[in-house]
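Protein chains in written order, with my numbering: chain A, 169 to 378; chain B, 169 to 378.
C-beta atoms are modelled at their ideal positions from N, C-alpha and C, and glycine is treated no differently.
This structure is a prediction, so every number in the text was calculated from the model and none was measured.
Protein chains: 2
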Amino acid sequence: MKTNKLCIMRLSKYKSALYRLKSLGFVRIFSDNLADAVEVTSSQVRKDFSIFDISGNKRGGYKIDELIEKINTILGKDELQKVVIIGVGKLGSALMHYPGFEKEGIKIVAAFDIDALKFKHKEKTPVLPLEELPEFVRKNNIKIGIITVPATSAQQVVEIMLSAGIKGVLNFAPIQLRGNDDCQINNVNLEVELENLIYFVNVLIKTKGK
Amino acid sequence: MKTNKLCIMRLSKYKSALYRLKSLGFVRIFSDNLADAVEVTSSQVRKDFSIFDISGNKRGGYKIDELIEKINTILGKDELQKVVIIGVGKLGSALMHYPGFEKEGIKIVAAFDIDALKFKHKEKTPVLPLEELPEFVRKNNIKIGIITVPATSAQQVVEIMLSAGIKGVLNFAPIQLRGNDDCQINNVNLEVELENLIYFVNVLIKTKGK
DNA sequence: TTACTTTTGTGATAATATTCACAATATATA
DNA sequence: TATATATTGTGAATATTATCACAAAAGTAA
């Protein structure tokens, strides 16, 4: 079985498209339909599925419900995923209440900061002092954390998370953080995303000009 | 010259690392140092540079200032980039004031929404009614827009943006939007990012268990 | 100046990812 | 039931991307 990051990303996207197709009343779909929805080829879809031994019916396509369930199992979404956020600035607060997470069985259970003005011990999703992170992580068996602190404190926060036993980090601080054998770090860099878009828009405009 | 999205992403990352290295007092760097900072191989760095005819000195490495300037030129960052945001929810507001953009010569010049309660005509970064978008885009020569509306209205918003003449869209709505020859659409899907992390954390935990 | 060392720049090579193309087969139709 | 048709599943072929490895150049030291 040969997996890679892009392939897993596509699985997520297939699933998201499947929910949509389901809500439109579809019960079965073909690799063609999914391919359209996610902008890949149909053989890509089938190849991805074959990697995970997902099979459909020749001529009958795939049953959406089964497909969603299988993909969820592969993605490890059988149980509720508890996640913490470190850094309660504007972006952190936005992600704290991001509706897309809850919908996907992902629950932000607490946030942490160093600014006492931000602490909210009694809220449904509390904001706690950063020094309480290790205890909280251990007590609640948290594996995943989101970093939304400034670049300058990101490395420091990672160390704290690592020693608290966090296994996965989604980092929004605009600095490339390094994982290790015990902890996977994925970086989402908003500037980089926007710069990338700007580049391709410029290319587009230039080639159109010709 | 053979470019691709990942290569451009890396250019952005190199630049960001270069700023950091510069602030630490470095004046010149080697492909090795950059490779470390961005977690790629040094030949990857040199290959990326050679694609864009960026050259250094054998044995002397690259001058940081020149490198930053060249990368900025490639990325089309010679002039201030004016960007609009559509959708002033929590995420939209967070991005409106995201400090990383301004630092990179990217300026959010206005935001748009359909909720009259959110309108702020007199702020430095105004929040305007969505129907004013086309006029605003034309008058201010806006090329780039960020979508932070719910998935259900994203497609509709894209149509408006396309007909207003927007050339590039960074879409945060959790639905894959399709660009065309006149408009590049890049999708950033936060659920997908988090699901991806969850998958790899599970893999990590399983393989560790062995 | 000469020998030695370090680092670039890049063609050749290897690894990875995607698409092609078609046999196998399930369903629909007559 | 027999025939036609649509769709999967996958090995082979292709395309893309990254790494290797080393000659050439530039700095350093003697």
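Taking 7 Å as the cut-off, the Cβ atoms of I232 of chain B and I176 of chain B do not count as close. Note that the segment 309 to 323 of chain A does not touch the segment 233 to 248 of chain A; fewer than 3 beta-carbon pairs, one per stretch, sit closer than 8 Å. The beta carbon of G336 of chain B sits closer than 8 Å to the beta carbons of K311, I312, G313, C351, Q352, I353, N354 from its chain, once the five residues preceding and following it are set aside; these are given in chain order. Counting the other CB atoms within 10 Å of its CB gives R227 of chain B a total below 16, which places it among the exposed residues.
Secondary structure note for P267 of chain A: its alpha helix (DSSP H) is the uninterrupted segment 267 to 271. Contact residues of the segment 358 to 375 of chain A toward chain B are L358, E359, V360, E361, L362, E363, N364, L365, I366, Y367, F368, V369, N370, L372, I373 (C-beta to C-beta distance below 7 Å). Chain B has no Cβ within less than 7 Å of the Cβ of A284 of chain A. Our two residues, F269 of chain B and I366 of chain A, have alpha carbons roughly 12 Å apart in a direct line. S211 of chain B is classed as exposed because its beta carbon has fewer than 16 other beta carbons within 10 Å across all chains shown. Not a single CB atom of chain A sits nearer than 7 Å to the CB of G193 of chain B.
In the DSSP assignment, P294 of chain A forms no beta bridge with any residue.
Identification of residues in the segment 259 to 289 of chain A having a C-beta nearer than 7 Å to some C-beta of chain B yields L259, S261, A262, H265, Y266, G268, F269, E272, I274, given in sequence order. Taking 7 Å as the upper bound on Cβ-Cβ separation, chain B lies near residues K311, I312, K335, G336 of the segment 307 to 337 of chain A. For D204 of chain A, the enclosing alpha helix (DSSP H) begins and ends at 199 to 206. Among the residues facing chain B, S180 of chain A is included, as its CB has a counterpart in that chain under 7 Å away. If you compare the alpha carbons of B:V195, B:K307, B:D204, B:I219 with that of G229 of chain B, the shortest gap goes to B:V195. A straight line joining the alpha-carbon of N172 of chain B with that of K288 of chain A spans about 45 Å. DSSP places L189 of chain B in the helix class (H, G or I) of the three-state scheme. Looking at the DSSP output, N225 of chain A shares a beta bridge with A:G229.
Using a Cβ distance threshold of 7 Å, A284 of chain B and M264 of chain B do not count as a contacting pair. Q344 of chain B carries a coil assignment under DSSP once its states are collapsed to helix, strand and coil.
A Cβ-Cβ contact shorter than 7 Å links V325 of chain A with I254 of chain A. Residue state for N364 of chain A is assigned as helix, using DSSP reduced to three classes. The beta carbon of G244 of chain B falls within 7 Å of a beta carbon belonging to chain A, placing the residue at that interface.
For the segment 199 to 232 of chain B, the set of residues with a beta-carbon nearer than 8 Å to any beta-carbon of chain A comprises A205, V206, E207, in chain order. Nearest CB-CB separation between V356 of chain A and chain B: below the 7 Å threshold. P342 of chain B reaches chain A at S184, G268, counting residues in chain order whose Cβ is nearer than 7 Å.
Rounded to whole angstroms, F340 of chain A and F304 of chain B show a C-alpha spacing of 30 Å. Membership of G260 of chain A in the alpha helix (DSSP H) is indicated by the continuous run 258 to 264.
Cβ contact annotation for D216 of chain A (same chain, cutoff 6 Å, sequence separation greater than five): C175, R178, in chain order. Within chain A, the residues N364 have their CB atoms less than 7 Å from the CB of K173 of chain B, given in chain order.
A direct Cα-Cα distance of roughly 19 Å separates K183 of chain B from K275 of chain B. Not a single C-beta of chain A is nearer than 7 Å to the C-beta of I253 of chain B. At a cut-off of 7 Å between beta-carbon atoms, I197 of chain B makes no contact with chain A. Around the C-beta of L186 of chain B, 16 or more other C-beta atoms lie within 10 Å, and the residue is accordingly described as buried. Secondary structure note for F304 of chain A: its alpha helix (DSSP H) is the uninterrupted segment 301 to 308.
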